[in-house]
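With the UniProt record's numbering, the residue at position 175 of the sequence shown is 175, and numbering never jumps.
From the three backbone atoms N, C-alpha and C, an ideal C-beta is built for every residue, glycine too.
To start, the structure itself, in structure tokens.
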Amino acid sequence: MKIMLPVAGKGTRLRPHTHTKAKSLVHVAGKTVLEHIISRLTALEATEFIFVIDENGDQIRDFMKKNFPALPCSYVVQKERKGPAHAVSLAAPLIKRGDDLLIVFNDTIFDTDLSLINELCADCDGLIYSKEVEDYQRFGVNVVSEGFITGMVEKPEQPISKLAQVGMYYLKDAAQFMDYLDQTIAAKEMVKGEYYLPPVFMRMMQDGCMFKAPEIDAWLDCGKPDTLLETNSYLLLGRHHIHGQVEDTVLIEPVHIEKGALVRGCILGPNVSVAAGSVIETSIVRNSIINNGSLVRNMILHHSILGDSVQLVSSARRMNIGDHSLIEMQME
Numbered sequence: 001m002k003i004m005l006p007v008a009g010k011g012t013r014l015r016p017h018t019h020t021k022a023k024s025l026v027h028v029a030g031k032t033v034l035e036h037i038i039s040r041l042t043a044l045e046a047t048e049f050i051f052v053i054d055e056n057g058d059q060i061r062d063f064m065k066k067n068f069p070a071l072p073c074s075y076v077v078q079k080e081r082k083g084p085a086h087a088v089s090l091a092a093p094l095i096k097r098g099d100d101l102l103i104v105f106n107d108t109i110f111d112t113d114l115s116l117i118n119e120l121c122a123d124c125d126g127l128i129y130s131k132e133v134e135d136y137q138r139f140g141v142n143v144v145s146e147g148f149i150t151g152m153v154e155k156p157e158q159p160i161s162k163l164a165q166v167g168m169y170y171l172k173d174a175a176q177f178m179d180y181l182d183q184t185i186a187a188k189e190m191v192k193g194e195y196y197l198p199p200v201f202m203r204m205m206q207d208g209c210m211f212k213a214p215e216i217d218a219w220l221d222c223g224k225p226d227t228l229l230e231t232n233s234y235l236l237l238g239r240h241h242i243h244g245q246v247e248d249t250v251l252i253e254p255v256h257i258e259k260g261a262l263v264r265g266c267i268l269g270p271n272v273s274v275a276a277g278s279v280i281e282t283s284i285v286r287n288s289i290i291n292n293g294s295l296v297r298n299m300i301l302h303h304s305i306l307g308d309s310v311q312l313v314s315s316a317r318r319m320n321i322g323d324h325s326l327i328e329m330q331m332e
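This is how it looks when you write it as structure tokens:
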């Protein structure tokens with residue numbers, strides 16, 4: 001099996017955190033998004049990891065070399081922004097006859113048992129992983145009948161299906177898939193100037209290919225600040241890990257403090273992750289992500305994300321307040 005990870009893209013919904021780093025290298029629950037994803041894929045023992053990168057690609061290369069040096073990795077550069085299907089098509093030269101392929105986009109972290117791929121795909125040509133959602137109007141959905149996908153609808157107004165496509169696809173015959181991808185691009189089947197994967201799958205189904213829509217256990221969005229914080233909370237459940245230095249501090253589980261971080265005189269938690277090199281002093285922090293090398297002193301933070309090397313320093317207030325006074329200091 002080959003695994004493709006399209007990690008190009010500006011990550012505009014996560015700015016300012018993606019101004020200087022690839023969106024897949026944003027931290028959540030003590031790891032980068034990419035590390036969470038790769039750790040879920042290594043058990044498949046893929047023969048090759050294919051990364052589709054952009055101008056920030058050196059960050060991805062360096063990260064993989066440092067954190068997963070044993071994995072066989074190849075890199076393809078997407079110079080033009082022409083959509084996800086275009087990004088996948090650029091890796092065609094690396095796909096050989098007889099290859100099977102798992103494509104995993106990097107906006108989401110997933111929970112599912114990938115060891116079932118061969119069993120699930122025994123009587124079909126591929127898998128388009130899905131998750132039932134209530135806000136189906138926001139997604140492309142799979143329409144399923146008798147266990148097989150019969151159609152795909154982009155952002156349906158009516159609940160024809162609530163099985164949203166989660167950005168993970170398995171193709172039993174990768175070379176055949178690439179042929180259909182080339183046909184779709186040659187036919188210029190675009191939406192707002194970009195190429196998407198559903199038209200490729202629809203072409204394949206019209207020619208008799210069959211796909212299933214297995215539902216994953218958890219679909220964790222990392223594409224926006226608010227959903228990144230929700231994902232941080234989900235991943236921290238049951239993972240109260242203190243590897244750094246903690247002094248005179250109250251910890252409200254779950255909290256993840258990396259080795260090399262210092263927390264002194266604070267109230268931390270719940271749902272706080274603190275990266276290596278960060279120092280937090282005399283502060284109250286909850287439901288937040290503090291990235292590498294940051295300083296937080298004399299602050300009250302909640303639902304906050306701090307990037308690398310941030311310095312956020314306040315000071316204690318001095319007050320002279322008479323009897324029967326009411327002082328309200330709003331946090332927002």
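Nearest to residue i (by Cα), restricted to the options the options
i, options, result
"Cys266", "Val246, Ser161, Ala187, Ile53", "Val246"
"Val104", "Arg81, Pro6, Ala85", "Pro6"
"Cys73", "Ile50, Ser89, Phe63", "Ile50"
"Ser315", "Arg297, Arg97, Asp100, His240", "Arg297"
"Pro84", "Leu229, Glu194, Leu102", "Glu194"
"Met299", "Asp308, Val191, Ser309, Val279", "Val279"
"Gln165", "Lys23, Ser115, Arg138", "Arg138"
"Arg307", "Ala276, Ile284, Glu281", "Reading off the sequence, residue 307 comes out as Gly, not Arg. Answer by Cα proximity: Ala276."
"Ala186", "Ile149, Asn291, Ser89, Glu253", "Ser89"
"Ile284", "Leu301, Leu114, Ser115", "Leu301"
"Glu253", "Gly260, Met190, Ser233", "Ser233"
"Asn271", "His241, Ala92, Asp125", "His241"
"Glu48", "Asp54, Phe177, Tyr75", "Tyr75"
"Gly151", "Lys172, Phe201, Lys188", "Phe201"
"Lys192", "Arg81, Val310, Lys21, Lys66", "Arg81"
"Ala46", "Lys66, Gln78, Met1", "Met1"
"Leu237", "Gly244, His243, Val255", "Val255"
Own chain partners of residue i with C-beta closer than 8 Å, once the 5 adjacent residues on each side are dropped
i, result
"Thr249", "Val263, Arg264, Gly265, Cys266, Ile267, Leu268"
"Val153", "Gly140, Val141, Val143, Ile160, Ser161"
"Leu25", "Thr32, Val33, Leu34, Gln59, Ile60, Phe63"
"Leu114", "Arg40, Leu41, Ala43, Leu44, Leu102"
"Leu116", "Pro214"
7 Å Cβ shell around residue i - same chain, five flanking residues per side excluded
i, result
"Phe68", "Ile38"
"Ile109", "Val33, His36, Ile37, Leu220, Cys222, Thr231"
"Gly147", "Lys212"
"Glu132", "Lys162, Leu163, Glu215"
"Asp207", "none"
"Lys172", "Asp100, Cys121, Asp125, Gly126"
Cβ distance (whole Å) where residue i is taken to contact residue j below 8 Å
i, j, result
"Leu217", "Asp111", "The question names Leu, but residue 217 is Asp in the sequence shown. Contact flag correct, Cβ pair sits at about 4 Å."
"Phe211", "Leu127", "7 Å"
"Asp99", "Ala174", "4 Å"
"Ala213", "Leu163", "5 Å"
"Val52", "Ala122", "That pair is no contact at about 29 Å."
"residue 333", "Arg203", "In the structure as shown, the chain begins at 1 and stops at 332. Residue 333 is therefore absent and cannot be evaluated."
"Leu41", "Ile3", "6 Å"
"Leu229", "Ala29", "Incorrect: roughly 10 Å between the Cβ atoms, too far for contact."
Cross-strand partners of residue i (DSSP beta bridge)
i, result
"Ile242", "Ile257"
"Ser111", "Reading off the sequence shown, one finds Asp at residue 111, where the question assumed Ser. Beta-bridge pairing links Asp111 to Ala218."
"Ala85", "DSSP, once it has assigned bridges, lists no residue as partnering Ala85."
"residue 366", "As displayed, the chain neither begins before 1 nor continues past 332, which places residue 366 out of reach and without an answer."
Beta-carbon contacts of residue i that lie in its chain and below 6 Å, excluding the five residues immediately before and after
i, result
"Pro225", "Ile305"
"Lys155", "Gln137"
"Leu71", "Phe49"
"Thr282", "Gly265, Asn298"
"Ser288", "Val272, Leu301, Ser304"
Would the stretch 191-209 and the stretch 75-91 be scored as touching if the rule is three or more Cβ pairs under 8 Å?
Taking one beta carbon from each stretch, the stretch 191-209 and the stretch 75-91 have 3 or more pairs nearer than 8 Å; the two touch.
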